[in-house]
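**Q** Sharing a structure below in structure tokens format, with a few things to ask.
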Amino acid sequence: MAHTHSHGIGQHEHRHHHAVTETADARKRVAIAAFLTFAFMGAEVVGGIISGSLALLADAAHMLTDAGSLALAWVGFRLAARPADGLRSFGFARFKVLAAFVNGLALLALAVWIIWEAINRLLEPQPILGGILLGVAIAGLIVNIIAFFILHGGDHDDLNMRGAIWHVAGDLLGSVAAIVAAILILATGWTPIDPILSVVVALIIAVGGWRVTRESAHILIEGVPPGVSPDDIKKDLETNLENAARVTHIHAWALTEQKPLVTLEVVARDGACLDTVRRAVKTRLQQQFGVDHATVEVHKAPNLP
Numbered sequence: 673m674a675h676t677h678s679h680g681i682g683q684h685e686h687r688h689h690h691a692v693t694e695t696a697d698a699r700k701r702v703a704i705a706a707f708l709t710f711a712f713m714g715a716e717v718v719g720g721i722i723s724g725s726l727a728l729l730a731d732a733a734h735m736l737t738d739a740g741s742l743a744l745a746w747v748g749f750r751l752a753a754r755p756a757d758g759l760r761s762f763g764f765a766r767f768k769v770l771a772a773f774v775n776g777l778a779l780l781a782l783a784v785w786i787i788w789e790a791i792n793r794l795l796e797p798q799p800i801l802g803g804i805l806l807g808v809a810i811a812g813l814i815v816n817i818i819a820f821f822i823l824h825g826g827d828h829d830d831l832n833m834r835g836a837i838w839h840v841a842g843d844l845l846g847s848v849a850a851i852v853a854a855i856l857i858l859a860t861g862w863t864p865i866d867p868i869l870s871v872v873v874a875l876i877i878a879v880g881g882w883r884v885t886r887e888s889a890h891i892l893i894e895g896v897p898p899g900v901s902p903d904d905i906k907k908d909l910e911t912n913l914e915n916a917a918r919v920t921h922i923h924a925w926a927l928t929e930q931k932p933l934v935t936l937e938v939v940a941r942d943g944a945c946l947d948t949v950r951r952a953v954k955t956r957l958q959q960q961f962g963v964d965h966a967t968v969e970v971h972k973a974p975n976l977p
């Protein structure tokens, strides 16, 4: 028994160390991407104003939003690494999810603004200097590719990181759209392509924003995590644990997208050791459903078959 207990502690410490290492790596990646994004944003603003390109201004606005969003993501990772205290028994782990939710809303708001501006540009076309637009857009594409690959090497299961990746991916697409617009304007003089491509980028940004917002909101309202269905838990425990006669009052939610939590009650068969049943349930939850944190209440009910 002692060997089993120490092994469990070792696994927990290993997972904790791995999580801390991943958080530190993600924090560093987000900080570098934020610096690159903010540093180039000013050049795009100037280039967009001079050239008259909405695609470039939209990308600059997106980069400004991204710089703030990436900074927020960095704060989320920073706070999530802080330990629990007397007022916050789980620490600040969920702040990452909150940061992802805010970033998702920012992506949706940005998409709406770009589409609104594009409509106005289509109704009132403006002259665009294709040469300046092309040069600034190419430079922006290079910066965005670097930032994207820095973030893409991080943890894709982390909602906060995914929100940051979607922001930078939107920037990258914005630069591509601006390059295409510049080439077509230089070749044909047809300026409506600029706001049209801006709308395409805005729609792609909106898709990413909706996904991040939906998933983070599901966690914030304590929805059931994927793969941890109460019905599946009930069926699995009652089928595979001989001394678990009935499993009731199952509640499943998540602290973060990587930390599901479960509480439940178990009615043990007559003669079963309650502590043994409790440990068997927690082990099954960990092995079958990936739940490391479960609160299990076990009690007896007489005359059960």
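As numbered in this note's numbering, residues 673 to 977 make up the sequence shown, in order.
In this text, a Cβ means the ideal position worked out from N, Cα and C, and glycines have one as well.
It should be emphasised that the depicted structure is a prediction, and the values quoted were computed from it without experimental measurement.
Use the C-beta contact count for leucine 795: other C-beta atoms within 10 angstroms, 16 or more gives buried, fewer gives exposed.
**A** Residue numbering aside, residue 795 sits at position 123 when the sequence shown is read from its first letter. So leucine 795 counts as exposed.
**Q** Can you find the residues in the same chain that come closer than 8 angstroms, C-beta to C-beta, to phenylalanine 773, ignoring five residues on each side of it along the sequence?
**A** Numbered from its first residue, the sequence shown carries residue 773 at position 101. Val884, Thr885, Ser888, Ala889 and Leu892.
**Q** Have a look at valine 1050 and glycine 724 and give me their C-alpha separation to the nearest angstrom.
**A** Here the chain comprises residues numbered 673 to 977, so residue 1050 is not present and cannot be evaluated.
**Q** Which value, in whole angstroms, describes the spacing of the CA atoms of leucine 729 and glutamine 959?
**A** Within the sequence shown, numbered from 1, the residue matching residue 729 stands at position 57. Within the sequence shown, numbered from 1, the residue matching residue 959 stands at position 287. Each residue's alpha carbon lies about 51 angstroms from the other.
**Q** Which two residues bound the contiguous beta strand (DSSP E) that contains arginine 766?
**A** Working through the sequence shown from its first residue, we reach residue 766 at position 94. Taken as a continuous stretch (DSSP letters only), arginine 766 belongs to no beta strand (DSSP E), as it is neither H nor E.
**Q** What residue range does the beta strand (DSSP E) around leucine 936 cover?
**A** For the purposes of this step, residue 936 is identified with residue 264 of the sequence shown, where counting begins at 1. Segment 931 to 940, the beta strand (DSSP E) holding leucine 936.
**Q** Which ranges does the beta strand (DSSP E) cover as unbroken runs of at least 3 residues, wholly within the segment 788 to 824, from first to last along the chain?
**A** Here no run is fully enclosed.
**Q** Using only alpha-carbon positions, find the residue among His839, Pro898 and Leu858 that is nearest to alanine 878.
**A** Along the sequence shown, read from residue 1 onward, the residue named residue 878 stands at position 206. Nearest option by C-alpha distance: His839.
**Q** Using beta carbons (cut-off 8 angstroms, strictly below), is aspartate 757 in contact with chain B?
**A** Given the protein chain composition of this structure (a single chain), no chain B is represented.
**Q** Quick check on threonine 955: does DSSP put it in helix, strand or coil?
**A** By one-based count along the sequence shown, residue 955 stands at place 283. Looking at threonine 955 - three-state DSSP - the assignment turns out to be helix.
**Q** Three Cβ pairs or more, each shorter than 8 angstroms: is that satisfied between the segment 783 to 791 and the segment 900 to 917?
**A** Taking 8 angstroms as the limit for Cβ pairs, the verdict is that the segment 900 to 917 does not touch the segment 783 to 791.
**Q** Pull up the distance between the alpha-carbon of alanine 850 and that of threonine 935, whole angstroms please.
**A** The residue labelled residue 850 in the question sits at position 178 within the sequence shown. The residue labelled residue 935 in the question sits at position 263 within the sequence shown. Rounded to the nearest angstrom, the two C-alpha atoms are 52 angstroms apart.
**Q** Could you tell me if aspartate 947 is buried or exposed, where buried requires 16 or more neighbouring beta carbons within 10 angstroms of its beta carbon?
**A** For the purposes of this step, residue 947 is taken as residue 275 along the sequence shown, with counting starting at 1. The residue is exposed, with fewer than 16 neighbouring Cβ atoms inside 10 Å.
**Q** Compute the Euclidean distance between the alpha carbons of proline 932 and histidine 824, then round it to the nearest angstrom.
**A** Stepping through the sequence shown from its first residue, residue 932 is reached at position 260. Stepping through the sequence shown from its first residue, residue 824 is reached at position 152. Rounded to the nearest angstrom, the two C-alpha atoms are 24 angstroms apart.
**Q** Are at least three pairs of beta-carbons, each pair with one atom in the segment 846 to 860 and one in the segment 747 to 757, less than 8 angstroms apart?
**A** The segment 846 to 860 is not in contact with the segment 747 to 757.
**Q** Can you name, in chain order, every residue of its own chain whose Cβ lies under 7 angstroms from the Cβ of isoleucine 800, other than the five neighbours on each side?
**A** For the purposes of this step, residue 800 is taken as residue 128 along the sequence shown, with counting starting at 1. Once the five neighbours on either side are set aside, the close Cβ partners of isoleucine 800 are Ser723, Gly724, Ser725, Ile857, Thr863 and Asp866.
**Q** According to DSSP, is histidine 923 helix, strand or coil?
**A** Start at 1 with the first residue of the sequence shown, and residue 923 comes out as number 251. Histidine 923 falls in the strand class under three-state DSSP.
**Q** By how many angstroms is the C-alpha of leucine 782 removed from the C-alpha of leucine 708?
**A** The sequence position of residue 708 within the sequence shown is 36, counting from 1. The sequence position of residue 782 within the sequence shown is 110, counting from 1. In a straight line, the C-alpha of leucine 708 is about 20 angstroms away from that of leucine 782.
**Q** Within its chain, find whatever has a CB closer than 6 angstroms to the CB of arginine 918; leave out the 5 residues flanking it on each side and keep chain order.
**A** By 1-based counting over the sequence shown, the position of residue 918 is 246. So the qualifying residues of the chain are Val939.
**Q** Is it buried or exposed for threonine 928, if we count other Cβ within 10 angstroms and need 16 for buried?
**A** The sequence position of residue 928 within the sequence shown is 256, counting from 1. Buried is the call here.
**Q** Is it the case that the Cβ atoms of asparagine 775 and leucine 744 are separated by a distance below 8 angstroms?
**A** One-based indexing of the sequence shown puts residue 775 at position 103. One-based indexing of the sequence shown puts residue 744 at position 72. For asparagine 775 and leucine 744, yes; Cβs fall inside 8 angstroms.
**Q** Please determine, among Glu969, Leu759 and Ala711, the residue with the shortest C-alpha to C-alpha distance to leucine 923.
**A** Taking the sequence shown and counting its residues from 1, the one referred to as residue 923 is at position 251. Here residue 923 turns out to be histidine, not leucine, going by the sequence shown. The option with the nearest alpha carbon to histidine 923 is Glu969.
**Q** Using only the alpha-carbon positions, how far apart do glycine 835 and glycine 880 sit?
**A** Taking the sequence shown and counting its residues from 1, the one referred to as residue 835 is at position 163. Taking the sequence shown and counting its residues from 1, the one referred to as residue 880 is at position 208. So the two alpha carbons sit approximately 8 angstroms from each other.
**Q** Would the beta-carbon of phenylalanine 712 fall within 8 angstroms of that of glycine 812?
**A** Against the sequence shown, residue 712 aligns to sequence position 40. Against the sequence shown, residue 812 aligns to sequence position 140. The answer is yes: Cβ separation under 8 angstroms.
**Q** Quick one: Cα of asparagine 792 to Cα of alanine 705, how far?
**A** As a working mapping, residue 792 is identified with position 120 in the sequence shown. As a working mapping, residue 705 is identified with position 33 in the sequence shown. Taking the straight line joining both Cα atoms gives about 32 angstroms.
**Q** How long is the line joining the alpha carbons of phenylalanine 710 and isoleucine 868, rounded to whole angstroms?
**A** Counting from 1 along the sequence shown, the entry for residue 710 is found at position 38. Counting from 1 along the sequence shown, the entry for residue 868 is found at position 196. Each residue's alpha carbon lies about 26 angstroms from the other.
**Q** What's the call for phenylalanine 762, buried or exposed, on a 16-neighbour Cβ count within 10 Å?
**A** Reading the sequence shown from its first residue, position 90 is the one you call residue 762. With fewer than 16 other Cβ atoms within 10 Å, it is exposed.
**Q** Would you identify the three-state DSSP class for threonine 661, choosing helix, strand or coil?
**A** Examination of residue 661 is not possible in this model, given that the chain is present from 673 through 977 alone.
**Q** Just to confirm before moving on: does the CB-CB distance between alanine 732 and leucine 806 stay below 8 angstroms?
**A** Counting from 1 along the sequence shown, the entry for residue 732 is found at position 60. Counting from 1 along the sequence shown, the entry for residue 806 is found at position 134. Going by C-beta atoms, alanine 732 is not nearer than 8 angstroms to leucine 806.
**Q** If you count every other CB in all the chains shown that lies within 10 Å of the CB of arginine 701, and 16 or more means buried, which is it?
**A** One-based indexing of the sequence shown puts residue 701 at position 29. Under this definition arginine 701 is a buried residue.
**Q** Since alanine 966 and leucine 957 are thought to touch, with beta carbons under 8 angstroms apart, how far apart are those beta carbons, to the nearest angstrom?
**A** Mapped onto the sequence shown, residue 966 falls at position 294. Mapped onto the sequence shown, residue 957 falls at position 285. That belief holds up - the Cβ atoms of alanine 966 and leucine 957 are roughly 5 angstroms apart, short of 8 angstroms.
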